[in-house]
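Chains as they are written, first to last, in UniProt numbering: chain A, 1 to 297; chain B, 1 to 272. As structure tokens, the structure follows; a few thoughts come after it.
This is the structure:
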């Protein structure tokens with residue numbers, strides 16, 4: 001009975017040599033950073049298609065469908081305006097509605113990306129356990145979905161800013177690089193929280209509080225001149241807050257007389273680009289290092 | 001020297017179509033231990049959880065399961081290998097390890113290319129139509145958009161979900177479980193895989209679809225691939241595989257031609 005042999009434990013050495021001779025690779029090995037980036041690039045069609053699919057799917061159960069892309073930011077702006085514009089009546093800022101909605105929409109871009117990114121691994125376990133693809137595709141497509149949402153809310157924002165009497169100037173074009181820098185920053189942060197969220201699901205509960213604290217430190221709802229009352233080191237800290245920087249860049253582009261915390265525009269751009277670079281590269285490397293862990297357990 | 005050591009393995013394995021036997025999967029004394037969360041057992045109070053966080057210890061309701069205890073075998077190009085054994089014998093675990101989705105704690109698993117695991121629980125997006133899921137699934141397997149566009153209609157035809165009305169344009173959450181499983185199989189089978197791992201997927205679907213899928217598995221195999229099939233349905237193993245590995249509590253009990261292994265397995269199962 002030569003055909004029914006139990007596997008001999010002595011073949012251990014042979015197995016490894018056999019694999020080496022035929023150039024087999026160890027299953028589930030993490031590729032090098034360059035190779036990983038290359039594979040990710042090869043999956044760009046999947047990333048785009050998945051981002052689109054998520055956008056469509058997120059409204060598929062709502063009767064108004066895609067209209068919510070515009071309605072949600074509008075409703076948000078209305079609620080905050082009622083409280084901070086009418087009830088608490090902040091008169092120190094010229095054109096408070098435009099000031100508020102700019103801050104709100106820019107902040108919301110990062111906020112919703114981070115909240116969705118925390119679950120971008122844990123909510124796709126089925127896909128991860130079934131198919132092999134660079135896992136960074138998932139957090140990146142989350143970022144793209146949020147970017148598409150942002151474009152819809154930017155249409156609303158431009159409408160609000162124009163209606164409230166701001167003139168259309170060449171400076172508006174600065175909004176484009178500012179949003180792109182913020183998108184890169186978001187991608188990095190999303191990659192970071194995606195790995196953290198994949199490890200511990202508790203992060204999902206904590207994240208809303210972190211984001212709310214961040215919002216109060218970014219001068220979204222009130223004048224940034226309030227930060228001048230803080231001790232010097234705290235003001236510096238707030239000045240380098242990436243979200244405050246991106247909000248100020250957008251306000252600088254769209255609004256004529258908005259109060260700004262950072263007086264130097266060059267510094268704003270440098271800090272904004274610096275954050276995008278640090279978060280983008282750092283987040284990518286951090287996520288790549290955990291590539292083998294996703295979907296296991 | 002290497003050839004000399006190869007000799008016993010070559011003799012023990014089964015016949016293949018090709019003259020030169022090229023290994024595609026080499027499993028070398030693989031041990032797999034995984035942690036199971038038992039759910040809310042003891043020590044789940046907030047205070048206990050906080051203490052664990054501070055002390056960085058694992059939750060007490062996590063237990064280690066030694067699912068695979070030293071498995072070695074070699075699979076060759078063009079082979080279809082069935083994996084049988086009772087529940088919890090480690091069949092699905094070893095499959096997931098070959099796919100690179102579970103780490104081995106000791107030993108190693110070497111593979112040619114990237115093995116693809118096709119399981120019945122391969123979830124796609126339930127809120128999207130079958131058509132969109134086909135496109136997404138194919139892109140996720142790394143296919144080029146042009147190929148996807150060319151093959152999409154064929155995949156839907158193969159799955160047979162349109163046999164009773166136009167289901168392809170409806171969201172997948174409206175599908176019956178059998179329809180969804182058929183569509184998933186059709187997507188995964190659309191690509192040529194070096195190594196295809198199938199977990200119970202052939203058991204789904206009606207008789208007509210089973211016939212088609214068995215035919216498809218045969219084609220994939222002839223396209224110089226290796227197919228692994230985990231199944232409790234011995235008939236589908238018998239129909240598609242000529243070599244079978246019988247696992248029992250994490251070790252190989254038998255490895256050889258399907259007929260002999262299944263006969264021994266049935267004798268064992270009946271005597272229990």
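We treat Cβ as the ideally placed atom computed from N, Cα and C, and that holds for glycine. None of these values were measured; they are calculated from a predicted model.
Pull up the distance between the alpha-carbon of residue 293(A) and that of residue 89(A), whole angstroms please.
-> The alpha-carbon atoms of residue 293(A) and residue 89(A) are separated by roughly 51 Å.
In the DSSP assignment, find the alpha helix (DSSP H) that holds residue 228(B) and state where it starts and stops.
-> Here residue 228(B) belongs to no alpha helix (DSSP H); instead the beta strand (DSSP E) covers 226 to 230.
Cβ neighbour criterion (16 or more within 10 Å) applied to residue 289(A) | exposed
Would DSSP call residue 183(B) helix, strand or coil?
-> helix
Assuming residue 185(A) and residue 275(A) make a contact with CB atoms under 8 Å, what is their CB distance in whole Å?
-> 5 Å
What did DSSP end up calling residue 70(B) once you bin it into helix, strand or coil?
-> strand
Could you please give the first and the last residue of the uninterrupted alpha helix (DSSP H) stretch that includes residue 164(A)?
-> Unbroken run through residue 164(A): none, as it is neither H nor E.
Residue 116(B) touches chain A at which residues, Cβ-Cβ below 9 Å?
-> Within 9 Å Cβ-Cβ: 130, 131 and 132.
When the Cβ atoms of the segment 159 to 168 of chain B are set against those of the segment 102 to 115 of chain B, are three or more pairs found closer than 8 Å?
-> no
Taking C-beta pairs closer than 9 Å, name the residues in chain A that residue 51(B) reaches, listed in chain order.
-> Here the premise fails: no neighbours, minimum Cβ distance about 15 Å.
Comparing the C-beta of residue 193(B) with each C-beta of chain A, is any distance below 7 Å?
-> no
Inter-residue spacing [alpha-carbon to alpha-carbon] between residue 198(A) and residue 137(A) | 14 Å
Compare the Cα-Cα distances from residue 80(A) to each of 237(A), 281(A), 99(A) and 161(A) and report the closest residue.
-> Nearest option by C-alpha distance: 99(A).
Leaving aside the five residues before and after residue 99(B) along the sequence, list all residues of the same chain whose C-beta is less than 8 Å from its C-beta, in chain order.
-> 115, 116, 117 and 197
Of all Cβ atoms in chain A, is any one closer than 7 Å to the Cβ of residue 41(B)?
-> Model confidence at residue 41(B) stands at a pLDDT of 49, short of 50, so the residue's coordinates are unreliable; what they give is reported in the following sentence. No - not a single Cβ of chain A is within 7 Å of the one on residue 41(B).
Report the option in 259(A), 217(A) and 263(A) whose CA atom is closest to the CA atom of residue 92(A).
-> Of the listed residues, the one whose Cα sits closest to residue 92(A) is 259(A).
Proximity winner among 245(A), 48(A) and 248(A), relative to residue 144(B) (alpha-carbon distances) | With distances taken between Cα atoms, residue 144(B) lies closest to 48(A).
Check the Cβ-Cβ distances between residue 54(B) and every residue of chain A, and say whether any is below 7 Å.
-> no
Buried or exposed: which applies to residue 167(A), given that a residue is buried once 16 or more other Cβ atoms fall within 10 Å of its Cβ?
-> exposed
In the DSSP assignment, what are the bridge partners of residue 184(A)?
-> According to DSSP, residue 184(A) bridges with nothing at all.
So what does DSSP say about residue 254(B), is it helix, strand or coil?
-> strand
Interface partners of residue 46(A) on chain B, CB under 7 Å = 139 and 140
Looking at the unbroken beta strand (DSSP E) that takes in residue 131(A), where does it start and where does it end?
-> Where residue 131(A) is concerned, there is no enclosing beta strand (DSSP E), given that its DSSP letter is neither H nor E.
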